[in-house]
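Following: one structure in structure tokens, then a few remarks.
2 protein chains.
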Amino acid sequence: MGAYIAHKLHQARGASRVLAVASTSVKNEALHQMADALWNNREEILAANEEDVRAAEAAGQPASRIDRLMLNEHRIRQMMDGLCQVAQLEDPIGERLDTILHPNGMRIEKVRVPMGVIAMVYESRPNVTVDAVGLCIKTGNAAVLRGGREALRSNIALVRALHKGLQTSGVPSEALQFVERTERESVDLLIRAVGLVDLVIPRGGAGLIERVVRHAQVPVIETGVGNCHVYVDASADVAKARDIITNAKTQRPSVCNAAETLLVHKSVASAWLPEIVPHLVRLGVQVRGCEQSLSILRDEGFSDVSAATKEDWSTEYLDLILAVKVVDSLDAAIEHITEYGTLHSEVIVTESEEAAAEFLSRVDAAVVYHNASSRFTDGFEFGFGAEIGISTQKLHARGPMGLREMTSYKYIVRGDGQVRG
Amino acid sequence: MGAYIAHKLHQARGASRVLAVASTSVKNEALHQMADALWNNREEILAANEEDVRAAEAAGQPASRIDRLMLNEHRIRQMMDGLCQVAQLEDPIGERLDTILHPNGMRIEKVRVPMGVIAMVYESRPNVTVDAVGLCIKTGNAAVLRGGREALRSNIALVRALHKGLQTSGVPSEALQFVERTERESVDLLIRAVGLVDLVIPRGGAGLIERVVRHAQVPVIETGVGNCHVYVDASADVAKARDIITNAKTQRPSVCNAAETLLVHKSVASAWLPEIVPHLVRLGVQVRGCEQSLSILRDEGFSDVSAATKEDWSTEYLDLILAVKVVDSLDAAIEHITEYGTLHSEVIVTESEEAAAEFLSRVDAAVVYHNASSRFTDGFEFGFGAEIGISTQKLHARGPMGLREMTSYKYIVRGDGQVRG
Chain A
132 MGAYIAHKLH
142 QARGASRVLA
152 VASTSVKNEA
162 LHQMADALWN
172 NREEILAANE
182 EDVRAAEAAG
192 QPASRIDRLM
202 LNEHRIRQMM
212 DGLCQVAQLE
222 DPIGERLDTI
232 LHPNGMRIEK
242 VRVPMGVIAM
252 VYESRPNVTV
262 DAVGLCIKTG
272 NAAVLRGGRE
282 ALRSNIALVR
292 ALHKGLQTSG
302 VPSEALQFVE
312 RTERESVDLL
322 IRAVGLVDLV
332 IPRGGAGLIE
342 RVVRHAQVPV
352 IETGVGNCHV
362 YVDASADVAK
372 ARDIITNAKT
382 QRPSVCNAAE
392 TLLVHKSVAS
402 AWLPEIVPHL
412 VRLGVQVRGC
422 EQSLSILRDE
432 GFSDVSAATK
442 EDWSTEYLDL
452 ILAVKVVDSL
462 DAAIEHITEY
472 GTLHSEVIVT
482 ESEEAAAEFL
492 SRVDAAVVYH
502 NASSRFTDGF
512 EFGFGAEIGI
522 STQKLHARGP
532 MGLREMTSYK
542 YIVRGDGQVR
552 G
Chain B
132 MGAYIAHKLH
142 QARGASRVLA
152 VASTSVKNEA
162 LHQMADALWN
172 NREEILAANE
182 EDVRAAEAAG
192 QPASRIDRLM
202 LNEHRIRQMM
212 DGLCQVAQLE
222 DPIGERLDTI
232 LHPNGMRIEK
242 VRVPMGVIAM
252 VYESRPNVTV
262 DAVGLCIKTG
272 NAAVLRGGRE
282 ALRSNIALVR
292 ALHKGLQTSG
302 VPSEALQFVE
312 RTERESVDLL
322 IRAVGLVDLV
332 IPRGGAGLIE
342 RVVRHAQVPV
352 IETGVGNCHV
362 YVDASADVAK
372 ARDIITNAKT
382 QRPSVCNAAE
392 TLLVHKSVAS
402 AWLPEIVPHL
412 VRLGVQVRGC
422 EQSLSILRDE
432 GFSDVSAATK
442 EDWSTEYLDL
452 ILAVKVVDSL
462 DAAIEHITEY
472 GTLHSEVIVT
482 ESEEAAAEFL
492 SRVDAAVVYH
502 NASSRFTDGF
512 EFGFGAEIGI
522 STQKLHARGP
532 MGLREMTSYK
542 YIVRGDGQVR
552 G
């Protein structure tokens, strides 16, 4: 296994050197060739995917998981569109970020360059394979992909097609390496390949991400886990609050930017909770309340709500479940978020500019919202035109990561014989 | 030990929340108070330092190491000046890096914020203690410092003085935590404190840095190791080449941006090596040559040079030793640097714009130079006004790291009830 991974990484490293200096048109051409190859090889891809789906069904996987795994012609079209859209985005590589003129006449330019080799470790969705390759190649990075076991046959077929596309382009096909070994050891080898992998990005459940973060020896960007809060302040417009928590909780509960806990200021709790909670319950949301919220709701004759335990405050449900807590003050809300938040997306609903300013400056998260839904934490919504993941760490990139976040920079110094005195 | 470190980290985390929203004037005032406190407590500091120096002498430490350790009134003045200079630099915190207007009317601002808690792990130089605290506080970060055993008494006295300074300022003195335990375990605990440490920066020898990079579970920035090359091209101006290699090798050989290997194109080697090598040897440089360079030099009757082994190509001497290799082409020079370089600083000396462009784009390093000495890789030379270290990794920051490189950002989204459709 060690030799298998090392071989792939050396091939990727070699290709990354060619790709790093490839022109924008060569890279875009490669993206279009890969899109065409997906279409031309769709039968093989769909046949392989059918086997994966059948195996997942036989293993009794839940319907939501099988849906994530399943491909069809429409989804292949979507992957192709993704590649073509990335081709249309501006190439970040070569962008001059800064120019410094040294008093001795040297010109120092800070220029955007690729990372080199980016390893992605992910789970069942096969579209991640295509998305990641597109984003890596556009940014001049070689991609080393290690997908989940459930999607192995689909991924192998997709990668075979993508390689065919690359072969008719100016990008070396070694720039895409797919790890077919799905044992845990293959991940461990990738994330410890100091000097061969410049960055590893894990995408998937909390367990996968934590394991990668804890054991990686190469630089890693932690992504995705979002225990997001919506805080409804004393000065909230309750109609906005209703729209925002409804959207943040129910529009797509399975994703990281969905809300998991609703915090409500005590001064609005008695009037508002009996209105919003039954509304959410009607939409299929299971509500778990703190003692105070339970007592308010029961006083109003509403009992379709269970008691929250301490564990609820730290759980990312990714499901139609919502924890509800009454807080005494803005400070208490910020303290709760500080204790339980995962630095992802946090919302305050208020008409008070003062309370908003306090919340926005004091809450430490990738994205802090005033009067808008947490669901907007997304590379496309932020206008990046692409997204490789959402960073929840503070080093390098925070929040939605687009093309620029997949790059590094270097300083180019031009002199005329300058030496240091 | 676990409880000791955890207590310090929790105190730092708490203080970091206050410091993150402190005004520029409060932070600058704290820097000036700390500078004053160093002066007011100089007797205690110098007495403690004398004990460290005496212990190092008794242990038979080399003079260079004792010089790094030693403090005197002049050096205390230098540390004070450093703090006051940092106070004069622009505060990066709060800088608006970007504004995105969403079509639905939301305003998304990308704003510079502190990292939170920065841990520094370093070796014997006590001035690092003061520098690191100054840079952390200016950037709104709490500092957790773990210095080397040799400087322990000096560091404790310095930190006591700095704490006195903080006590008369608006910055909580818990923002500076010094780890007095110098066992290896204290480092291990710091670099595994996921959620409590936002960034660890190791500064010191290659062994320390490698250990931190390999075992850290928190984000880390690899610094410093510089196996830097000067490549003298076929089209080089040999007078510039002479000045540049002389400066890069001899001006301060003990630092990471000094050159370690000289690569010479074969077409200039016969004429130029017999000129430059004796010149360097007269300056005290020990030269270790490849077979071809040895034969050229011996043909000219110069034999004060030994044979390089493969190990020489990968050694960061940090001393007056230089490896010399004749290469067949620009490609061969780039390949050598790709194999042995440490992504720090790489130089080409040439009058050919074509060769320069090739080298500058293809060589992967934090700083690539055309006709200038590698010794300029330095935060002050780049005009940053400060430096916390030189990054040799590609994530987050590359090359000299100043105040901006000690920050993260967050997105602040202001809406009027927007939800996602």
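Residue numbers (the working numbering), protein chains in the order written: chain A, 132 to 552; chain B, 132 to 552.
Note that the Cβ used here is the ideal one computed from N, Cα and C, for glycine as well.
Residue i: CB within 7 Å of a non-hydrogen atom of the ligand FMN
{"i": "LEU228 (chain A)", "result": "Absence of the ligand FMN is noted for the structure shown, with no ligands found whatsoever."}
The beta strand (DSSP E) enclosing residue i, as first and last residue numbers
{"i": "LEU453 (chain B)", "result": "452–458"}
{"i": "ASP435 (chain B)", "result": "Run containing ASP435 (chain B): none; DSSP gives neither H nor E here."}
{"i": "ARG345 (chain A)", "result": "That residue, ARG345 (chain A), is in no beta strand (DSSP E); its alpha helix (DSSP H) goes 337–346."}
{"i": "GLN417 (chain A)", "result": "417–420"}
{"i": "VAL275 (chain A)", "result": "273–277"}
{"i": "VAL331 (chain B)", "result": "330–334"}
N- and C-terminal bounds of the alpha helix (DSSP H) containing residue i
{"i": "HIS360 (chain A)", "result": "Segment 359–363 is the beta strand (DSSP E) holding HIS360 (chain A); no alpha helix (DSSP H) there."}
{"i": "GLU160 (chain B)", "result": "155–171"}
{"i": "ASP547 (chain A)", "result": "No alpha helix (DSSP H) contains ASP547 (chain A), which is instead part of the beta strand (DSSP E) from 538–549."}
{"i": "THR260 (chain A)", "result": "258–269"}
{"i": "ILE408 (chain A)", "result": "In the sequence under discussion, the amino acid at residue 408 (chain A) is Val, which differs from the Ile named in the question. Looking at the DSSP string, the run of the alpha helix (DSSP H) that includes VAL408 (chain A) is 397–413."}
{"i": "VAL349 (chain A)", "result": "Careful: VAL349 (chain A) lies outside any alpha helix (DSSP H) and carries neither H nor E."}
{"i": "LEU200 (chain A)", "result": "194–200"}
{"i": "VAL149 (chain A)", "result": "133–151"}
Short CB-CB distance (under 8 Å) between residue i and chain B
{"i": "ASP374 (chain A)", "result": "yes"}
{"i": "TYR112 (chain A)", "result": "Outside the displayed span of chain A (132 to 552) sits residue 112 (chain A), for which this structure offers no information."}
{"i": "GLN164 (chain A)", "result": "no"}
{"i": "LYS158 (chain A)", "result": "no"}
{"i": "GLY533 (chain A)", "result": "no"}
{"i": "MET210 (chain A)", "result": "no"}
{"i": "GLY514 (chain A)", "result": "yes"}
{"i": "ARG551 (chain A)", "result": "yes"}
{"i": "VAL152 (chain A)", "result": "yes"}
{"i": "ASN378 (chain A)", "result": "yes"}
{"i": "GLN142 (chain A)", "result": "no"}
{"i": "GLN219 (chain A)", "result": "no"}
8 Å Cβ cutoff, residue i in contact with chain A
{"i": "PHE511 (chain B)", "result": "no"}
{"i": "LEU491 (chain B)", "result": "yes"}
{"i": "LEU411 (chain B)", "result": "no"}
{"i": "ASP329 (chain B)", "result": "yes"}
{"i": "HIS396 (chain B)", "result": "no"}
{"i": "GLY546 (chain B)", "result": "yes"}
{"i": "ASN272 (chain B)", "result": "no"}
{"i": "GLN216 (chain B)", "result": "no"}
{"i": "ILE543 (chain B)", "result": "yes"}
{"i": "LYS269 (chain B)", "result": "no"}
{"i": "LYS371 (chain B)", "result": "yes"}
{"i": "GLN382 (chain B)", "result": "yes"}
Of the residues the options, the one placed nearest residue i, counting alpha carbons only
{"i": "LYS441 (chain A)", "options": "A:GLY432, A:ILE427, A:ILE519, A:CYS421", "result": "A:CYS421"}
{"i": "PHE511 (chain A)", "options": "B:LEU150, B:LEU232, B:GLU174", "result": "B:LEU232"}
{"i": "ARG256 (chain B)", "options": "B:MET237, B:ALA282, B:ILE452, B:ILE268", "result": "B:ALA282"}
{"i": "LEU330 (chain A)", "options": "A:VAL343, A:LEU339, A:VAL458, A:ARG196", "result": "A:VAL343"}
{"i": "GLY588 (chain A)", "options": "B:ARG148, B:LEU150, B:LYS525, B:GLU226", "result": "Since the first residue shown for chain A is 132 and the last is 552, residue 588 (chain A) is missing from the structure and cannot be characterised."}
{"i": "ILE224 (chain B)", "options": "B:CYS215, B:GLY213, B:ILE207, B:GLY247", "result": "B:GLY247"}
{"i": "ARG551 (chain B)", "options": "A:ASN272, A:THR381, A:VAL349", "result": "A:THR381"}
{"i": "HIS138 (chain B)", "options": "B:ASN203, B:GLY278, B:PHE309", "result": "B:PHE309"}
{"i": "GLU305 (chain B)", "options": "B:ARG291, B:SER317, B:ARG312", "result": "B:ARG291"}
Restricting to runs no shorter than 3 residues, where is the beta strand (DSSP E) found entirely within the stretch 446–527 of chain A? Within the stretch 446–527 of chain A, the complete beta strand (DSSP E) segments of 3 residues or longer fall at 452–458, 476–480, 498–503, 520–522, listed in chain order.
Quick one: which unbroken beta strand (DSSP E) runs of 3-plus residues sit fully inside the stretch 216–247 of chain B? Chain order, please. Within the stretch 216–247 of chain B, the runs of beta strand (DSSP E) at least 3 residues long that lie entirely inside it are, in chain order, 227–232, 238–245.
Whole alpha helix (DSSP H) runs in the stretch 284–324 of chain B with 4 or more residues, listed along the chain? Here the runs fully enclosed are 315–322.
Can you pull out the residues from the stretch 335–352 of chain B whose beta carbon lies closer than 7 Å to at least one beta carbon of chain A? VAL344, ARG345, GLN348, PRO350
If the cut-off is 8 Å on Cβ atoms, which residues from the stretch 492–506 of chain B count as contacting chain A, listed in chain order? SER492, ARG493, ASP495, ALA496, ALA497, VAL498, VAL499, TYR500, HIS501, ASN502, ALA503, SER504, ARG506
Residues, ordered as in the chain, of the stretch 240–261 of chain A that lie near chain B by beta-carbon distance below 7 Å: MET246, GLY247
Could you run through the stretch 227–241 of chain B and flag, in chain order, every residue whose CB is less than 8 Å away from some CB of chain D? Although the question refers to chain D, the structure presented lacks it and instead comprises the protein chains A and B.
Closer than 7 Å, Cβ to Cβ, to anything on chain A: give me those residues from the stretch 517–532 of chain B, in chain order. GLN524, LYS525, LEU526, HIS527, ARG529, GLY530
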